[in-house]
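Read in order, the letters of the sequence shown correspond to residues 212 to 392 in the numbering used here.
Built from N, CA and C at the ideal position, the CB exists for glycine as well.
This structure is a prediction, so every number in the text was calculated from the model and none was measured.
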Amino acid sequence: GIDVAASELWNAREGKYIYKNEGVKRDREEQIEYISQLAKEFEIYYIEDPLEQNDFEGFAELTKRIKALICGDDLYVTKVERLEMGLEKGSTNAILIKPNQCGTLTDTFKAVSLAKSKEIVPVFSHRSGETTDETISHLAVGFRCPIIKTGVVGGERIAKLNELIRIEESLGEKAKMAKLP
Numbered sequence: 212g213i214d215v216a217a218s219e220l221w222n223a224r225e226g227k228y229i230y231k232n233e234g235v236k237r238d239r240e241e242q243i244e245y246i247s248q249l250a251k252e253f254e255i256y257y258i259e260d261p262l263e264q265n266d267f268e269g270f271a272e273l274t275k276r277i278k279a280l281i282c283g284d285d286l287y288v289t290k291v292e293r294l295e296m297g298l299e300k301g302s303t304n305a306i307l308i309k310p311n312q313c314g315t316l317t318d319t320f321k322a323v324s325l326a327k328s329k330e331i332v333p334v335f336s337h338r339s340g341e342t343t344d345e346t347i348s349h350l351a352v353g354f355r356c357p358i359i360k361t362g363v364v365g366g367e368r369i370a371k372l373n374e375l376i377r378i379e380e381s382l383g384e385k386a387k388m389a390k391l392p
């Protein structure tokens, strides 16, 4: 999958996504078409933040258009209120869950529960500046999130993956691999 982080490309004054390295500017429809083409050409299963963080309607259009997990991170920031807005519009079929964004485990649980109740895939994750602490591995399993996003391979990410293996081993026969949506 890919994290487009489109809010970083968005220029509100121009109403365009600016790809400086390519010298390209795209409006919403062009961005949706571009992401759709990438998803088709490279068979991308997971696309995070393909549009700017307040474009609930654009997310909805893309989600309808392609068969991939369209995940909102900046769109929702693990906030139930923003998820409810996205649910009304059909914005995404996945939400990134970062406990530190919403502040408490109770609020994290509320976001996960709401997402699951509406068949939105909760994808558990951590912040970029992460440590080797494995807590999110336990939270992802405990909240029954089918996907955990740990990022590119590095010591702090491997610690989380190794912890998932240990959890699986400790569960023995009770361990089940989540079915991908």
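Residue i to residue j, Cα distance in whole Å?
i, j, result
"Lys371", "Phe320", "20 Å"
"Glu240", "Met296", "21 Å"
"Gly362", "Thr342", "13 Å"
"Asn395", "His337", "One cannot answer for residue 395 here, as it falls past the ends of the chain, which runs 212 to 392."
"Gly226", "Ser324", "35 Å"
"Arg276", "Glu379", "36 Å"
"Lys327", "Pro333", "7 Å"
"Ile281", "Asp318", "22 Å"
"Ile369", "Gly301", "34 Å"
"Gly212", "Gln248", "14 Å"
"Ala279", "Tyr257", "6 Å"
"Ala305", "Ala322", "12 Å"
"Ser218", "Gly365", "26 Å"
"Asp214", "Thr303", "14 Å"
"Leu187", "Glu292", "The chain is shown from 212 up to 392; residue 187 falls before or after that span and cannot be answered."
"Arg377", "Glu330", "28 Å"
"Lys290", "Glu384", "35 Å"
Suppose the cutoff is 7 Å on Cβ atoms and the five residues either side in sequence are ignored; what does the same chain contact list for residue i look like?
i, result
"Arg224", "none"
"Glu272", "Ile243"
"Gly285", "According to the sequence shown, residue 285 is Asp rather than Gly. Counting only Cβ-Cβ distances below 7 Å, and skipping sequence neighbours, we find Ser218, Asp260, Gln264."
"Tyr245", "Arg237"
"Gly269", "Arg239, Ile243, Leu262"
Tell me the DSSP secondary structure of residue i in three-state form.
i, result
"Asn265", "coil"
"Ser348", "helix"
"Glu360", "For the record, residue 360 in the displayed sequence is Lys; it is not Glu. Here Lys360 sits in strand by DSSP."
"Val288", "coil"
"Glu330", "coil"
"Lys227", "strand"
"Asp318", "helix"
"Lys275", "helix"
"Ser189", "The structure shown has nothing for residue 189, since the chain only spans 212 to 392."
When we look at the beta-carbon of residue i and count the other beta-carbons within 10 Å, is it buried (16 or more) or exposed?
i, result
"Gln242", "buried"
"Gly234", "exposed"
"Thr274", "buried"
"Thr346", "exposed"
"Asp266", "buried"
"Gly314", "exposed"
Going along the chain, which residues of its own chain have a beta-carbon closer than 6 Å to the beta-carbon of residue i, five neighbours each way excluded?
i, result
"Ala216", "Asp260"
"Lys360", "Val334, Ser336"
"Glu263", "Ala217, Ser218, Trp221"
"Cys356", "Pro333, Phe335"
With a CB to CB cut of under 8 Å and the five nearest residues on each side skipped, what residues in its chain are close to residue i?
i, result
"Phe354", "Ile308, Thr319, Phe320, Val323, Pro333, Phe335"
Kindly indicate if chain D contains any beta-carbon less than 7 Å away from that of residue i.
i, result
"His337", "Any reference to chain D falls outside this structure, which holds one protein chain only."
Report yes or no: do the stretch 350-367 and the stretch 286-301 share at least 3 C-beta pairs separated by less than 8 Å?
no
Inter-stretch contact (C-beta, 8 Å, three-pair minimum) for the stretch 226-235 and the stretch 252-259
no
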